[in-house]
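Working notes, structure below.
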Amino acid sequence: MQDPQYPAKRPWEPQAQPQIRLTDAQRDSVIKVLQEAFSQGQLDEEELDERTGLAMKAKFGADLAPLTEDLGVTPHGSPHRSAATSADSSARADPQGPGPKEPLPSTPVERVVAAIGHGGNYLFPVVAPLVLFLASDRISPYVRRQAMESLNFQLFCIVGGLASLLLFWLVLPIFAVIAIALGWAVLPAIASVASLMGSNWRYPTPYRFLKDD
Numbered sequence: 002m003q004d005p006q007y008p009a010k011r012p013w014e015p016q017a018q019p020q021i022r023l024t025d026a027q028r029d030s031v032i033k034v035l036q037e038a039f040s041q042g043q044l045d046e047e048e049l050d051e052r053t054g055l056a057m058k059a060k061f062g063a064d065l066a067p068l069t070e071d072l073g074v075t076p077h078g079s080p081h082r083s084a085a086t087s088a089d090s091s092a093r094a095d096p097q098g099p100g101p102k103e104p105l106p107s108t109p110v111e112r113v114v115a116a117i118g119h120g121g122n123y124l125f126p127v128v129a130p131l132v133l134f135l136a137s138d139r140i141s142p143y144v145r146r147q148a149m150e151s152l153n154f155q156l157f158c159i160v161g162g163l164a165s166l167l168l169f170w171l172v173l174p175i176f177a178v179i180a181i182a183l184g185w186a187v188l189p190a191i192a193s194v195a196s197l198m199g200s201n202w203r204y205p206t207p208y209r210f211l212k213d214d
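For the sequence shown, this note's numbering assigns the number 2 to the initial residue and increments by one for each residue that follows.
The following block contains the structure:
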């Protein structure tokens, strides 16, 4: 017999909808909104770090709403839509996030860290960008992309250099080794300066071993 305190749901009564868990792309889109707010002076560095940490731990959309609801209008200029709504719509429109050629917002601290990832190759080739690439996953999209670029360049230099040495008896590989050596000596320094300026730096390599998801 049915307990009267807990009557069964009738077919015509609305059923409760389960909450859908957030994706990484949705969390990243809100983090980009926070970084943009920081660059415009709406948040200080401590607030940015605190809200970014909460965004990374968020599981449902309701967890993200308080992080952006006080940041004002959307980039489209609509005063009636919050930044969280804009970020959620952006994530649905582009679930993979910005493409490899799209610029990413960055803070001054992130630019310095990205520059270290490039310049660190002079002291710790491959190791410096690899550590940053692994540590920045889901924390700083800008640092992650720059570390990935630096790591790709180092891998290209190693593979290209070894292949050229194996074909040393040909003339063309000799020029390839010289070009790779010059690039390795000059390009990381240029990349460091570009990162300090917030540029979306890309090394002029014909092949990349690691790519954006």
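Beta carbons: idealized from backbone N, C-alpha and C, even for Gly.
Item, Value
"Local Cβ density within 10 Å of Q27, reported as buried at 16 or more and exposed below that", "buried"
"Beta carbon of S165 nearer than 8 Å to that of V178", "yes"
"P96 versus V113: straight-line alpha-carbon distance, rounded", "Confidence is the limiting factor: at P96 the pLDDT is only 42, short of 50, which leaves the residue's position unreliable and the question unanswerable from this model."
"Beta carbon of P126 nearer than 8 Å to that of S40", "no"
"CB-CB length for G118 against Q147, believed under 8 Å", "6 Å"
"CA nearest to the CA of A129, picked from I140, R139, R145", "R145"
"Length at least 3, wholly inside the stretch 147 to 199: the beta strand (DSSP E) runs in chain order", "none"
"Burial state of P207, where buried means 16 or more other Cβ atoms lie within 10 Å", "exposed"
"Distance between A56 and L167 (C-alpha atoms, nearest Å)", "49 Å"
"Three-way DSSP call (helix, strand, coil) for P207 in this model", "coil"
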